[in-house]
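These notes concern the structure reproduced below.
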Ligand code: ADP
Ligand code: ZN
C-alpha cells in the first residue's frame, strides 16, 4: 500500500490541496488496494478526487461512467486545465474523433476516460478489452435505481461490466440521501464486498435563512438589495412557475441586474445558451423552475433564493446544494408564504400520492416555521443528529422571541367561529383589520363584533400568526372547501377554557436593506463577506484577470481557479511563483501556467 505521504504529495501536485477531506484518503486506499467501494457524499463533498487521484497514480486508465454529456465535459475540461489527460467518449463525437480518441487510449495518452453507460456497454468487448483499465468509477450511481428521481434505464445494465472485469476495482458514487435508493444501488451493481463510506450530509458553508410572509413589492425589493449586496456573485432564484421566472427576471433587469429565465417552455438551444452564459459568468442570475442546475458543475454559485416554497425538503436540499461547491461561504434564502402553502397543498392533492406528498409538504413547512436551528431540522430529516445549533442559520443567529399570544389567537379564532368557520385566512384578516373588502361588503361582515378588533396588527403579521396557529394545531384549513378555517378541539380550549398560546415574534430585521454599501459587511448575513485581511480591490482585479483568461481559453472561469483560491490570493498576496504554488487549490500545472500573470497582478497592489 502507498504511504500517506505519496497520496498527499499527489493531492498537492494535481489538485493543489494539502489535506484530504473526510474519507477521501480511506476511499483512495481501498481502490489502490484493488477493492470495491461505495461512496455517499453530499454534492461538493469532494467525490471526484476519490477516483481522479488513483486514476493518475495506478498504471493504466480509469473509466468513469457519467449520465450527462454536459457533466462529462465540465469534468474533462477541469482535469485538462489541471494537467491531467482526460477525455470523453460519447455520441457527441464524430466517427473520426472517436477513432482518434480510441487510438489515444490504446497508446496510453489518456488517464481518465469519461463514458456514457451506453458507450461503456457498447465498447465492452472492443476498446475496453484492449486497454489496461485501472478502475471503474460509476458516478451519479443513484441513476441505477428506479426509486431515485433520476432513473436511467441504461444504468440498470451496468452490473454486466462488473462481471466482465472481475479484477478491476469498482467505485460507485452518489449524493443521494435516500436510504431505499442506497440499498438498491448496492444490490443492482453487484459490487464485490464493497466498503461503504457515508459522509455527513451537512454543508456547513451554506447559511440558511427564511423570510416569512411578505408582500410581493417588499419581496422584490428585498431580493434586489440582496443581489446588490452580492455584487458580481452568481446565484439562482428558484420559482414555482415559468411565468414567475420571467417576471422576476424582468424586475431584476429593470434594476440593471443581468438575469435570465430558464424553464421547460424554452427550446433546448435557448436553455443551453443561458446555461453557458451563466457558467461563464456572463449572466449573473438565473431565475429557474426546478430543473435548472442538474447538468452543471459550476462551483462558484454563491447564493440560492427560493422565491416560492419547494414541495419537499429533498427538493429544497438538492437545490440549495448547488451553491458553494467550492467550500467558500454561500447563502440561501427561502421566502415562505401562506399562499404558497395553499398552492403546494393543491399540487399534493392532485398528485395521485396525496398522503405522501402532504407529509413531505408538512416537513418542508416545519423547516420554514422552525424556532430551533434549521440545520438540525434538515440533517435530522436525512437521519443525522446534531447536538448543538449551527450558528450559521437565521434562527441560531437571531433566536426567536416568544410571547403570550393568547389574545391574538382568541381574536382570530373567534372571527372564524362567529362566521361559522366559513372563510379563509384572507377574509378573516379583512375582518380583524376592519377592511371593507368585497367579501366583507357582500356578506355584511362589518356587522360582526370582531370586525376591526385587530387593527393594531398588520395584515402580514396576522397571516403569520395564523400560520403559527395552524402549525401548532389550533386551527385547520380545509383545503378542498375554499381553504376555510376551522377551529380544532385544541383551539377551543383556548377560546373557551382559558388555555394559553405561546407565539413567536416576527423578526423583520433579517434582510439587508441598503443597496449602497456594496462592500460593507452586513450583520444580517455574517460569512457573506470574506475575512477582514482580504483586499477587496485586489480580489476584484483577480476576478477580472480570471475572467479574461477564461474568455481567451473559452472556458468557465471557475475551472481556472475557484472563488476560494481567489480569496486566498487576495488575502495572502503571494509575490513569488513558489509562494503562489503554496496556495490551497493551486496544483503544479496551474502554478506553472498561471503563476507569473497572477503574481504580476498582485504586485500592483502591494506597496
Ligand atoms: P462532488 O463531486 O462530491 O460534488 P467535487 O469533487 O466537485 O465534489 O469537489 C467539490 C469541491 O471541493 C471542488 O472544488 C474540489 O476541488 C474541492 N475539493 C475536493 N477535495 C478537496 C480537498 N481535499 N481539499 C480542499 N478542497 C477539495
Ligand atoms: Zn442553526
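Residue numbers (the numbering used here): 155 to 761.
Every residue gets a Cβ at the ideal spot worked out from N, C-alpha and C, and that includes glycine.
Just so it is clear, the structure is predicted and the values come from calculations on it, not from any experiment.
Check: Where does residue 636 sit, in a helix, a strand or coil, going by DSSP?; Outcome: coil
Check: Can you find the residues in the same chain that come closer than 7 angstroms, C-beta to C-beta, to residue 685, ignoring five residues on each side of it along the sequence?; Outcome: Residue placement at residue 685 is poorly supported in this model, since its pLDDT is 45, which falls under 50; the coordinates still yield a value, given next. Closer than 7 angstroms at Cβ, skipping near neighbours: 725.
Check: Could you pull the DSSP bridge partners for residue 363 from this structure?; Outcome: 487
Check: Just to confirm the assignment, what range does the alpha helix (DSSP H) spanning residue 266 have?; Outcome: No alpha helix (DSSP H) contains residue 266, which is instead part of the beta strand (DSSP E) from 266-269.
Check: Using only the alpha-carbon positions, how far apart do residue 289 and residue 172 sit?; Outcome: 24 angstroms
Check: Is there at least one non-hydrogen atom of ligand 2 closer than 7 angstroms to the beta-carbon of residue 364?; Outcome: no
Check: May I have the straight-line CA-CA distance separating residue 198 from residue 244, to the nearest angstrom?; Outcome: 25 angstroms
Check: Would you grab the beta carbon distance between residue 388 and residue 435 for me? Rounded to a whole angstrom, and I think it's under 8 angstroms.; Outcome: 7 angstroms
Check: Please return the same chain residues whose Cβ sits closer than 8 angstroms to the Cβ of residue 333, not counting the five positions on each side in sequence.; Outcome: 537
Check: Give the range of the alpha helix (DSSP H) segment to which residue 288 is assigned.; Outcome: Not the alpha helix (DSSP H): residue 288 falls in the beta strand (DSSP E), residues 287-292.
Check: Are the stretch 427-443 and the stretch 404-413 touching, with three or more C-beta to C-beta distances below 8 angstroms?; Outcome: yes
Check: With distance defined between alpha-carbon atoms, name the residue in 620, 443 and 403 nearest to residue 419.; Outcome: 443
Check: Looking at the structure shown, is residue 309 part of a helix, part of a strand, or coil, going by DSSP?; Outcome: helix
Check: Taking DSSP's pairing of strands, which residues face residue 215 in a bridge?; Outcome: 287
Check: Quick one: does the C-beta of residue 336 sit closer than 7 angstroms to a heavy atom of ligand 1?; Outcome: no
Check: May I have a chain-ordered list of the alpha helix (DSSP H) segments no shorter than 4 residues that lie completely inside the stretch 680-719?; Outcome: 690-707 and 711-714
Check: Does the beta carbon of residue 594 fall short of 7 angstroms from some heavy atom of ligand 1?; Outcome: no
Check: Please report the straight-line C-alpha distance between residue 397 and residue 417, rounded to a whole angstrom.; Outcome: 9 angstroms
Check: In the DSSP assignment, find the unbroken alpha helix (DSSP H) run with residue 380 in it and report its ends.; Outcome: 370-383
Check: Could I get the ranges of all uninterrupted alpha helix (DSSP H) runs contained in the stretch 178-215, with 4 residues as the minimum, in chain order?; Outcome: 178-186 and 201-211
Check: Can we say the stretch 598-606 touches the stretch 619-630, given the rule of at least three CB pairs closer than 8 angstroms?; Outcome: no
Check: Just the C-alpha distance for residue 362 and residue 218, rounded to the nearest angstrom, thanks.; Outcome: 34 angstroms
Check: So if DSSP puts residue 657 in a beta bridge, which residue, or which two residues, is it bridged to?; Outcome: 557
Check: So the alpha helix (DSSP H) residue 234 belongs to, where does it begin and stop?; Outcome: 223-235
Check: For residue 501 and residue 465, I'd like the C-alpha separation in whole angstroms.; Outcome: 9 angstroms
Check: Okay, do the stretch 345-359 and the stretch 530-547 touch, 3+ Cβ pairs below 8 angstroms being the bar?; Outcome: yes
Check: Residues in the same chain with beta-carbon distance under 8 angstroms from residue 314, minus the five sequence neighbours each way, listed in chain order, please.; Outcome: 275 and 278
Check: The beta strand (DSSP E) spanning residue 625 covers which residue range?; Outcome: No beta strand (DSSP E) contains residue 625, which is instead part of the alpha helix (DSSP H) from 613-626.
Check: Assuming residue 709 and residue 231 are in contact, meaning their beta carbons sit under 8 angstroms apart, how far apart are those beta carbons, in whole angstroms?; Outcome: 6 angstroms
Check: Taking the alpha helix (DSSP H) that residue 324 falls in, what are its first and last residues?; Outcome: From DSSP, residue 324 is part of no alpha helix (DSSP H) but of the beta strand (DSSP E) over 324-328.
Check: Name all residues in chain order for which at least one heavy atom of ligand 2 lies closer than 5 angstroms to the residue's CB.; Outcome: 527, 529, 543, 544, 547 and 550
Check: For residue 638 and residue 488, I'd like the C-alpha separation in whole angstroms.; Outcome: 26 angstroms
Check: Rounded to the nearest angstrom, what separates residue 221 and residue 339 at their Cα positions?; Outcome: 15 angstroms
Check: Closer than 8 angstroms, CB to CB, is residue 202 near chain B or not?; Outcome: Although the question refers to chain B, the structure presented lacks it and comprises just one protein chain.
Check: Around the C-beta of residue 174, are 16 or more other C-beta atoms found within 10 angstroms, so that it is buried, or is it exposed?; Outcome: buried
Check: What first and last residue would you give for the alpha helix (DSSP H) that runs through residue 252?; Outcome: 249-260
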